[in-house]
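Have a look at the structure below before the remarks.
The structure is reproduced here in structure tokens:
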């Protein structure tokens, strides 16, 4: 029999999870069918702010197949009508007397199937008394503005600031050149193709709850459920969270939503399994949004283009409750990565959170805690400053980059960047795209009245949250975990505290273990998502799986190897210190024939282990990263502007990414492709907005435009590899880099195309009407 | 609520059922026939996760009633592999890494099959336009295009 390949680090291993997905045998939440299962559907508010005067349920209860209707009053009897958000604010599960945003949950109807539940929803009658609405966070801060929250003093939630304000102000006072711009990063939605949902299964005999649900963080959810329901006797050992196959997460499946709690309550009351599945409008209009940051940004520098200081002031719109998914000590997430790839000596950032009559949030949209907001701003501002001092944006960046020899680099806002070679990545991107030739072409086209733009984004991300001294969610430290059991025949199973939503963990985690243990990846089964079996972990988001759980895999494997060495010494009758490891076996130094393979050692661990040693070959690691990781890259986008329609056509997009060591290059490239598409989307297409009455625009896929294969550019990718010095295998995380870095490259390209007209900034999404208006304003529109 | 007796051929097998007038075809497939490989993503005929073949044509089963399918021949993702052998489009999606979370994949593959059966040698633009009724949030479409190209070559023999 031919030897089975190890398929360790760097192998473009085909994905093991594909086997079920390509056959239509995935196990997504809505595929679940349990005996006697009932379905819940939710009555939602047509108003953005209203008093609920009456809820009449008699007609709904008369619908054949409708079993129950519950309201906030029902839940209040058990004190579960409210729940805490991840930011320790309060979110209504079902309201007692007022609604605070359009599409908020008002009541829930339980039926025998989804059709009868929907019939019941249609038959519930609610009397509302509309109240004044505030949707603009600036207006919300004005005296006399409608108050969003009755339980708070004002619409101002919190103020957060970071850095040395006085030093930054002094540097601005002394600056030779300053630039300032107001940048709005609009509200968007992750819009994973699968919406959220759950099946709650209460076992009354055993007092046990199994909750199958679309969650990126099953263990954290279990603890949150225990905290919400502990007073009812539902303690943590009686709760099992199972996260089945997930049809895309991107941050939207981190929070707990009211629908989950409602399904649990109804299962407990009826004793039957209860399913809740959102439709698309519920998903878009009520689940956590991303972004919605209004940023006033300033940079200071010298005439020669040297950056000296940065000041960003931000108003963050959180909707009616702060339901952001951030580390608890960081209300604005990791926004203080704002100095980006540049060597600033002085920086100061401040953010104010505001309540409005909009859905709660904000979560990340495929990015690590507010990093896109920071990256987009610094990359836009870098271009402004470059133009201001008369430098090419590439030369300007090269001049101000943190240099390779400065790593580990302490930023003005306190982070210690682990490693980087920013000039190397930008140079590679410039070579790939043919930067100099493009600038020539641009100049020639401009003479002919054709508008072509070249935009650069040289981003630095901050991922892998995070070190326990600073990072926790509701007190839970942000480590992650791996448990390995090697079976007697040398095969293994490993379980993790994370949860893949398409990232391919079943494939890549096995590669890390294969590399470390020499057991072929095909012989290692990977499991995640069941809190009864997996070790505790904080889940998958913020590009943290590889930096935390991936590191735990290597560390657990090394523990296994340490024990394997003792067993090998016993089998080879040699001293441990005389043994040497070569992938898959220990041998006696100088006598390569005297060797024991990992498979032989595993067998001995159960059949012939040394006296005095415990049997078995397993290990668990809870990895607390010593630092975050800092992936980076340089993207160059080339656009052509249609002067007749305002359409922006992305002609080329070159992406050079450096995520340290690549575990599976095929999967890394796939993630970059997908991340780029989710950077392109908000740059040119996606936005959720509200009218003055709080009516949502963009609550379904006919109004909220996701790019198809037709609009999406043909990506050109490249790589550099700068390993993380503190990660056990040198990897950094990559799932979100492209979403973080891409929008600024596109926006910079558009502004670059129109700079000579006097255009200095355009907010994303850069839609044809916006560009058309700019062309008209500057007398450059072609009208026939 | 009135009901109707329907008979449809699904993946080669005849299925008869009594269905409500309002029952959507996608719910008939998923819940009555337990063919859960066909997914639901949007409710507005926008995302294509529910795409199946209807007498050889790609249709979105969330926007058709089951009763309309009376007498039709349907194919779903579960009917792609024959005698345990994967269809070239399934091989293409796996080998070219054309899927990540897998949720859009069945609809994307069914739309691809319809495209290739109508146009065995599509250009890249024809593939992109042919799949423009199907949304994918994970892959950025590059590898989906490659998957369809590989399947096209393989189906040529």
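Chains as they are written, first to last, in this note's numbering: chain E, 17 to 800; chain U, 363 to 519. Backbone N, C-alpha and C define an ideal beta-carbon position, used for all residues, glycine too. From a predicted model like this one, the values you see are computed outputs, not experimental measurements.
Could you check what DSSP says for residue i in three-state terms: helix, strand or coil?
i: residue 203/E; result: strand
i: residue 211/E; result: coil
i: residue 562/E; result: helix
i: residue 229/E; result: strand
i: residue 711/E; result: coil
i: residue 219/E; result: strand
i: residue 296/E; result: helix
i: residue 189/E; result: helix
i: residue 674/E; result: strand
i: residue 328/E; result: strand
i: residue 394/U; result: helix
i: residue 653/E; result: strand
i: residue 484/U; result: coil
i: residue 283/E; result: helix
i: residue 309/E; result: strand
i: residue 425/U; result: helix
Do residue i and residue j have their C-beta atoms within less than 7 Å of each other?
i: residue 217/E; j: residue 226/E; result: yes
i: residue 545/E; j: residue 259/E; result: yes
i: residue 559/E; j: residue 312/E; result: no
i: residue 370/U; j: residue 442/U; result: no
i: residue 122/E; j: residue 59/E; result: yes
i: residue 749/E; j: residue 480/E; result: yes
i: residue 364/E; j: residue 323/E; result: no
i: residue 438/U; j: residue 717/E; result: no
i: residue 394/E; j: residue 356/E; result: yes
i: residue 639/E; j: residue 682/E; result: no
i: residue 454/U; j: residue 509/U; result: yes
i: residue 42/E; j: residue 440/U; result: no
i: residue 278/E; j: residue 124/E; result: yes
i: residue 431/U; j: residue 385/U; result: no
i: residue 110/E; j: residue 88/E; result: yes
i: residue 441/E; j: residue 649/E; result: yes
Verify the CB distance criterion: does residue i have a CB-CB separation below 7 Å to chain C?
i: residue 364/U; result: Checking the listed chains, one finds no chain C in this structure; the protein chains it contains are E and U.
Does the beta carbon of residue i come closer than 7 Å to any beta carbon on chain E?
i: residue 367/U; result: no
i: residue 424/U; result: no
i: residue 484/U; result: no
i: residue 415/U; result: no
i: residue 411/U; result: yes
i: residue 494/U; result: yes
i: residue 388/U; result: no
i: residue 452/U; result: yes
i: residue 477/U; result: no
i: residue 427/U; result: no
i: residue 439/U; result: yes
i: residue 381/U; result: no
Kindly indicate if chain U contains any beta-carbon less than 7 Å away from that of residue i.
i: residue 9/E; result: Outside the shown range of chain E, which is 17 to 800, sits residue 9/E, and nothing can be said about it.
i: residue 296/E; result: yes
i: residue 34/E; result: yes
i: residue 676/E; result: no
i: residue 475/E; result: no
i: residue 188/E; result: no
i: residue 714/E; result: no
i: residue 717/E; result: yes
Closer than 8 Å by C-beta to residue i: which residues in its own chain qualify, once you throw out the five before and the five after it? Chain order, please.
i: residue 663/E; result: 657, 784 and 787
i: residue 407/E; result: 321 and 415
Evaluate residue i with the Cβ neighbour count: other Cβ atoms within 10 Å of its Cβ, from every protein chain shown; 16 or more gives buried, anything less gives exposed.
i: residue 794/E; result: exposed
i: residue 607/E; result: exposed
i: residue 487/U; result: exposed
i: residue 548/E; result: exposed
i: residue 72/E; result: exposed
i: residue 463/E; result: exposed
i: residue 112/E; result: exposed
i: residue 90/E; result: buried
i: residue 296/E; result: buried
Sorted by chain position, which residues of the same chain lie with C-beta nearer than 6 Å to residue i's C-beta, five sequence neighbours on each side aside?
i: residue 31/E; result: 520 and 523
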